[in-house]
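Numbering (my numbering), first residue to last: 8 to 605.
Since the structure comes first, as structure tokens, the remarks are kept for the end.
Below, the structure is given as structure tokens:
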């Protein structure tokens with residue numbers, strides 16, 4: 008097919024605005040997938056995606072569409088995730104496109120991720136086609152959506168297409184707009200072959216499968232290729248397209264989206280955003296890549312059964328093959344044994360990875376309290392990065408601790424503003440600006456420490472706004488803060504799994520909550536056990552594990568009271584001795600309960 012008859016586009020939107028359902032209608036309309044085979048959320052192939060109703064990975068698919076002028080066009084579509092944690096997936100997909108369908112929910116209007124994704128597409132110079140979806144809902148407010156489109160995104164409202172992914176309204180108009188508004192593939196006249204790597208997956212039989220978009224030249228089975236970032240050479244074993252199943256093809260030429268299998272065994276050898284070129288007549292300059300993703304949240308993951316360590320290691324290796332944003336390295340803990348320090352993009356990303364380890368690899372795991380990367384300036388002028396509370400140097404040699412912040416844009420209903428501002432202040436944040444979105448909603452621009460939003464911020468935001476609030480954020484700068492390492496001592500011994508870095512003002516409250524929870528979960532012992540939270544050498548909170556008491560006077564029926572006292576004194580003396588020499592056993596389920604509650 009001629010390059011001028013090819014179109015590459017993505018579908019971008021806020022979470023749950025109907026991207027995958029609209030993709031289903033496009034597949035159905037173009038007869039890419041037969042009606043008898045088509046399922047709801049057809050492109051969400053992962054069990055976890057279907058269960059949670061969210062897209063986690065972007066899914067490419069090639070469709071053939073006979074336009075009104077009877078020309079057959081090849082449309083390459085990418086369905087992308089909407090959650091803020093997976094925005095790196097969106098940026099990867101957009102780099103392989105010339106245009107994007109920007110979906111807006113007719114009932115909810117423009118949300119936080121709608122704005123973020125629109126800006127992302129504009130930065131990459133893509134043509135944006137606005138689509139107002141779900142217009143058949145009783146609560147649809149088209150006038151408001153049109154106004155927000157112009158006021159917030161500076162997109163003319165007459166460009167918008169009215170559609171419904173559920174009932175199939177406006178599908179033909181969308182396909183015609185893709186053909187007429189989105190330009191033909193760019194940079195196709197470049198002399199040498201240039202192919203962009205935008206994703207990769209691991210196959211047990213074929214090794215690494217690389218998802219690519221060809222910008223110029225062509226690539227076919229048997230070609231010798233070069234990875235331009237590091238000069239790695241390989242031979243192409245197979246090329247193909249997505250329909251949405253992998254389907255073998257003779258070659259991939261300019262404007263095509265597809266896959267290639269080469270003699271590269273592990274995905275770690277493939278860099279996302281790399282350019283592939285032919286070994287014969289190679290290209291001189293790479294395609295513009297995109298920002299390399301860096302983990303923002305770190306947590307320790309340990310197997311519940313120490314025998315499962317190798318199984319966990321293999322499972323993580325396979326997950327990393329399909330997820331460039333996930334990183335891990337081995338570490339050990341006195342309390343939990345051998346495990347891994349893992350890096351994630353955010354809390355949802357962490358949750359998804361943990362769930363996939365349990366389901367796909369059958370390993371029961373414990374995860375430690377999530378942490379972020381702090382920059383510690385020592386007194387001697389040395390600067391180090393700390394992602395694990397255990398590695399935080401002694402306070403006597405620390406000059407300053409800098410913590411990462413985020414710049415958040417929070418969309419909230421007018422009647423919830425007071426409560427949300429109180430939540431932001433509680434999380435040590437500052438609201439810098441307030442803009443009116445429409446008659447009922449506002450946008451708050453806030454700066455917050457990343458550490459504070461890790462655990463419950465999103466849940467509380469949804470709770471306060473009754474589900475109508477949404478948030479999008481970018482990583483901000485590092486700022487100095489009064490941070491300390493808080494240890495949890497059980498019977499005077501520190502338990503490293505519960506160590507965390509907290510703000511000085513919150514140490515007492517957090518320590519008190521953790522001590523109460525732990526004292527409640529640790530089973531009763533025969534002697535008194537103190538559970539303490541300590542900052543440096545100072546105890547900031549304490550609780551006691553309930554003691555198990557044997558009834559030593561059970562056999563005394565009446566008689567002299569001194570006999571009972573003698574037995575009780577003897578028991579007390581025994582407990583005193585036991586406290587000095589006894590060990591406290593913390594069962595694995597105690598770690599699971601406390602860390603899961605956190």
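C-beta atoms are modelled at their ideal positions from N, C-alpha and C, and glycine is treated no differently.
Item	Value
DSSP puts residue 397 in a beta bridge; with which residues?	According to DSSP, residue 397 bridges with nothing at all.
Helix, strand or coil, according to DSSP, for residue 118 in the structure here?	coil
DSSP beta-bridge partners for residue 240?	233
Please report how far the alpha carbon of residue 437 lies from the alpha carbon of residue 520, in whole angstroms.	26 Å
Please state whether the Cβ-Cβ distance between residue 265 and residue 246 is less than 8 Å.	yes
Tell me, please, which residues DSSP counts as bridged to residue 350.	305 and 334
Taking just the CA atoms, how far does residue 498 sit from residue 588?	Any reading at residue 588 needs caution, since the residue's pLDDT is 46, under 50, leaving its predicted position unreliable; the model's value is listed next. Approximately 11 Å between the Cα atoms of the pair.
Between 478, 143 and 420, which lies nearest to residue 175 when the distance is taken from Cα to Cα?	143
Enumerate in chain order the residues of its own chain whose CB-to-CB distance from residue 605 is below 6 Å, with the five nearest sequence positions on each side excluded.	The predicted position of residue 605 is uncertain, since its pLDDT is 46 and thus under 50; a value taken from the coordinates is nonetheless stated next. Excluding sequence neighbours, residue 605 sits near 376.
Classify residue 500 as buried or exposed, calling it buried when 16 or more other Cβ atoms lie within 10 Å of its own Cβ.	exposed
Using three-state DSSP, classify residue 589 as helix, strand or coil.	Summary for residue 589: the model assigns pLDDT 49, below 50, so the residue's position carries little reliability, and this model does not support an answer.
Of the choices 348, 154, 378 and 76, whose alpha-carbon is the least far from that of residue 354?	378
If you run the structure through DSSP and keep just helix, strand and coil, what is residue 651?	The requested residue 651 is not part of the displayed model; the chain covers only 8 to 605.
Return the residue from the list 188, 390, 153 and 179 that minimises the CA-CA distance to residue 35.	179
Considering only the alpha carbon of each residue, which of 476, 457 and 153 lies closest to residue 466?	476
By how many angstroms is the C-alpha of residue 513 removed from the C-alpha of residue 207?	43 Å
Taking its Cβ as the centre, do 16 or more other Cβ atoms sit within 10 Å of residue 118, making it buried, or is it exposed?	buried
Assuming residue 1 contacts residue 383 (C-beta within less than 8 Å), just tell me the rounded distance between them.	Since the first and last residues shown for the chain are 8 and 605, residue 1 lies out of range.
Using CA atoms only, rank isn't needed, just tell me which of 430, 205, 220 and 184 is closest to residue 194.	220
Exposed or buried, which one is residue 240 when buried takes at least 16 other CB atoms within 10 Å?	exposed
Indicate whether at least one CB of chain B lies closer than 8 Å to the CB of residue 21.	No chain B is present in this structure, which holds just one protein chain.
Helix, strand or coil: how does DSSP classify residue 376 here?	coil
Taking contact to mean at least 3 C-beta pairs separated by less than 8 Å, is the segment 318-329 in contact with the segment 227-241?	no
How about residue 113 and residue 141: are their beta carbons less than 8 Å apart?	yes
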